[in-house]
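Novice:
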Amino acid sequence: MAIRLFDSLSRELRELKPAHADGVYRFYNCGPTVYAPAHLGNFRTFVVNDVVRRLLELEFGPAKVKHVRNLTDVDDRTIGQTQKEKRPLAEITKRWTDMFQADCEALNCLRPHVEPTATGHIREQVDMIDVLLRKGNAYRAPDGSVYFKISSFPEYGALSRIKERELKVTNSVFDADHKDDVGDFALWKAHKPEEDGDVKWPGPDGAAAGRPGWHIECSAMSKKHLGDTVDLHTGGVDLLVPHHENEIAQSQCCNGTAFSHHWYHSEHLLVDGTTMSKSKGNYYTLGDLVAKGYSPMAVRYALLMGHPRKQLNFTLDSLHAAESALKSLRTLRTSLPAGGGSFDVGAPVVAALADDLNTPGALGALFTVINSTRPAEINTAQFDRAMFALGFDLSLQVQLSAPTEIVALAAKRWAAKQAKDFATADALRKDLSAAGWSMLDSKTDYKLEPLKK
Ligand code: AMP
Ligand code: ZN
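The numbering used here puts the sequence shown at residues 21 to 473.
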C-alpha cells in the first residue's frame with residue numbers, strides 16, 4: 021500500500037515516504053495550547069492525526085515511526101490566563117495538560133513518542149534565536165525583544181502563497197511596536213511585568229530577559245527530537261499562516277536545509293456554521309458529551325464521519341448515528357469466529373484511508389462489506405486491522421455512562437422541552453426514571469445521572 025496525502029506546499033497528493041537512511045518516518049504534529057480545555061474541534065485535528073500515525077505504523081512498522089506532538093505551555097494566551105486567574109503558569113498548564121492527555125486516551129489516540137513542552141525547551145529556543153541573530157535573519161528591538169526579518173528570507177509565504185499586503189496584516193496582530201517592518205514577527209518578547217508577572221527567562225545574546233514568541237518553539241522542538249528535516253508536519257488549517265510560514269522561515273534560515281518534506285492541514289469542526297473555538301466559547305468538550313451519556317468512542321467515530329479536508333458541522337444527531345454504528349461493530353466482532361473466513365474487510369478500509377485520508381469512504385466501505393457478507397466469511401484479523409486503522413477500540417463499551425436508548429430518550433426530552441412541548445417532555449422524564457435515569461436540567465444544558473437505588 022502507498023499512503024497518499026494532500027501536501028499543502030506543492031498542492032498535490034503525494035506519497036508519504038521516509039527520507040532518512042534509517043527508514044524512520046519523522047512526524048511532527050503541532051499540539052494544543054494548554055490554557056483552557058481542548059474542545060471537540062481540537063480533537064478533530066488530533067483524531068485525524070492519530071489516523072495518520074496508525075497508517076504510518078501499518079505501512080512502515082511501529083518501530084519505524086517517530087511521532088512528536090508539542091504542548092504550548094507559554095505564550096500570550098497561557099500568560100493571559102495566569103493574569104486572569106492570578107495563579108502560577110505551571111499550575112494552569114498542568115491542569116489542562118492532564119485533562120488533554122486523559123481525553124486523548126479516552127478517544128483511543130496513540131500517545132506520541134515525545135510530548136515536549138515549550139517551557140522545557142527554552143535553552144533550545146534561545147540557541148536557535150542566537151543563530152538567527154548571528155546570520156542576520158533576526159534583529160534586536162530597542163526594548164530587548166527579538167524579531168525575525170522577513171525580508172531576509174525571500175521564500176517567505178510559499179506555503180500559503182500569501183501576498184505581501186495580507187502578510188503584513190497577519191503578522192501585525194503580534195506587537196506592532198519596535199519592528200523594522202510590520203510583517204516581521206517576534207522570536208523573543210522582552211519581559212513586561214504588568215502583563216507577564218514572573219514568567220521570564222534569560223534571553224538570547226544581547227536581548228532582554230523575557231519569553232519566546234510562540235512560533236519558535238515548534239522549530240526548536242522539532243529540531244531537537246526529529247532533526248533538521250522532518251518527513252511530515254501537520255496541524256489544523258488555521259496554523260498554515262502565519263504559524264507554519266514562520267516555522268519554515270526560522271528553521272530553514274537556522275539550519276540551511278528543508279524543514280519538512282510534506283505539509284498536511286485538516287479543516288475545522290464547525291458548530292452552527294461557525295468554527296468551534298476557545299475564544300468564541302461556542303464549544304463542546306469531551307466531558308460535556310460524556311456527561312450527556314455519549315461514549316468517547318462515538319465521539320471519535322463522529323469526528324471521522326466527514327472528510328478531514330472539508331469542514332464538518334458537529335451535531336448531536338451524528339453522535340446517535342455513531343453510537344448505533346459502533347453497536348453493530350461490537351455485535352459483529354463478538355460473532356466473528358476465531359480466524360474467521362477469507363473475506364478481507366481491512367483492505368477497502370485501509371485503501372480508502374491511504375487515499376488522502378478518506379475517512380467517510382473508509383466507514384462506508386466497512387459497512388458495505390459488513391452488510392453484504394455473512395460474519396462467518398469475514399477474516400477476523402483483517403477486521404481487527406480495519407479497527408486499528410480507524411482507532412476503534414470496541415472493548416471500550418464500559419465508558420458509555422448511559423446506554424444508547426437512554427441517551428436517545430434524553431435528547432428527545434430535551435428537544436421537546438426546547439419546543440415547549442412540556443407534556444411530551446414530562447412523559448419522557450417518566451420513561452427515563454422508569455429505566456433508572458434522571459436528567460438534571462440547567463438553562464442551556466442537561467446531564468444524565470443514574471437514579472440512586
Ligand atoms: P490550539 O490549542 O488552539 O493551539 O489548537 C490545537 C489544534 O487544534 C491546532 O492544530 C488547531 O489548528 C486545531 N483547531 C483549533 N480549532 C479547531 C476547530 N474548530 N476544528 C478543528 N481543529 C481545530
Ligand atoms: Zn507548531
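Cβ coordinates follow ideal geometry from the N, Cα and C atoms, glycine included.
Note that the coordinates shown come from a computational prediction; the quantities given were computed from them, not determined experimentally.
1) Going by C-alpha distance, which of Thr137, Met241, Val146 is nearest Leu207?
2) Leaving out five residues on either side along the sequence, give the residues of the same chain with a beta carbon under 6 Å from the beta carbon of Ala126.
3) State the DSSP-derived secondary structure class of Gly230, mapped to helix, strand or coil.
4) For His40, count neighbouring Cβ atoms within 10 angstroms of its own Cβ and tell me buried if that reaches 16, exposed if not.
5) Once the 5 residues before and after Trp234 are set aside, which same chain residues still bring their CB inside 6 Å of it?
6) Within 10 angstroms of the Cβ of Leu460, are there 16 or more other Cβ atoms? Answer buried if so, exposed if not.
7) Taking the alpha-carbon of Asp123 as reference, which of Leu468, Ser355, Val319, Leu356 has the nearest alpha-carbon?
8) The alpha helix (DSSP H) with Lys244 in it runs from where to where?
9) Got a sec: does the ligand ZN put a non-hydrogen atom nearer than 7 Å to the Cβ of His263?
10) Helix, strand or coil: how does DSSP classify Ala210 here?
11) Would you mind reading off the limits of the alpha helix (DSSP H) that contains Pro470?
12) So, at 7 Å on beta carbons, what are the nonlocal neighbours of Ala428 in its own chain, with the 5 sequence-adjacent residues on each side left out?
13) Rounding to the nearest angstrom, what Cα-Cα distance links Phe412 and Ile390 in this structure?
14) Return the residue from the list Asp441, Gln101, Val67, His87 that minimises the CA-CA distance to Gly247.
15) Please confirm if the region 360-373 is in contact with the region 330-349, defined as three or more CB-CB distances below 8 Å between the two stretches.
16) Using the C-alpha atoms, what's the distance from Pro470 back to Met296?
17) Mind listing, in chain order, the residues whose beta carbon lies closer than 5 Å to a non-hydrogen atom of the ligand ZN?
18) Less than 8 Å between the beta carbons of Gly140 and Gly230, yes or no?
19) Glu32 bridges to which residues according to DSSP?
20) So, at 6 Å on beta carbons, what are the nonlocal neighbours of Ala210 in its own chain, with the 5 sequence-adjacent residues on each side left out?
21) Have a look at Arg97, Met241, Leu109, Gly156 and flag the residue whose alpha-carbon is nearest the alpha-carbon of Cys50.
22) Identify whether Met296 lies in helix, strand or coil by the three-state DSSP scheme.
23) Which same chain residues end up closer than 6 Å to Lys467 when comparing Cβ atoms and leaving out the 5 residues on each side of it in sequence?
Specialist: Well, looking at it:
1) The shortest C-alpha to C-alpha distance from Leu207 to any of Thr137, Met241, Val146 is the one to Val146.
2) Excluding its 5 nearest sequence neighbours in each direction, Ala126 has C-beta neighbours in its own chain below 6 Å: Pro316, listed in chain order.
3) Gly230 falls in the strand class under three-state DSSP.
4) Exposed is the label assigned to His40, since fewer than 16 other Cβ atoms lie within 10 Å of its Cβ.
5) Cβ neighbours of Trp234 within its own chain (closer than 6 Å, five residues either side excluded): Asp95.
6) Taking every protein chain shown into account, the CB of Leu460 has fewer than 16 other CB atoms within 10 angstroms, so this residue is exposed.
7) When C-alpha distances from Asp123 are compared across Leu468, Ser355, Val319, Leu356, the shortest belongs to Val319.
8) Where Lys244 is concerned, the enclosing alpha helix (DSSP H) starts and stops at 236-246.
9) With a cut-off of 7 Å, the C-beta of His263 is classified as near the ligand ZN, since at least one heavy atom of the ligand falls inside that distance.
10) Strand, per DSSP.
11) No alpha helix (DSSP H) holds Pro470; the beta strand (DSSP E) holding it covers 466-470.
12) Cβ neighbours of Ala428 within its own chain (closer than 7 Å, five residues either side excluded): His340.
13) When rounded, the distance between both Cα atoms is 16 Å.
14) Per the Cα distances, His87.
15) Too few Cβ pairs lie closer than 8 Å, so no.
16) Rounded to the nearest whole angstrom, the CA to CA distance from Met296 to Pro470 is 30 Å.
17) Residues with a Cβ closer than 5 Å to any heavy atom of the ligand ZN, in chain order: Cys50, Cys238.
18) No, Cβ-Cβ distance for Gly140 and Gly230 is not below 8 Å.
19) Asp27.
20) So the list reads Asp163, Gly164, Ser165, Ala228, Gly230, once near-sequence residues are dropped.
21) When only C-alpha atoms are compared, the closest one is Met241.
22) Judged by DSSP in its simplified three-state form, Met296 adopts coil rather than helix or strand.
23) Same-chain partners within the cutoff: Ala311, Leu460.
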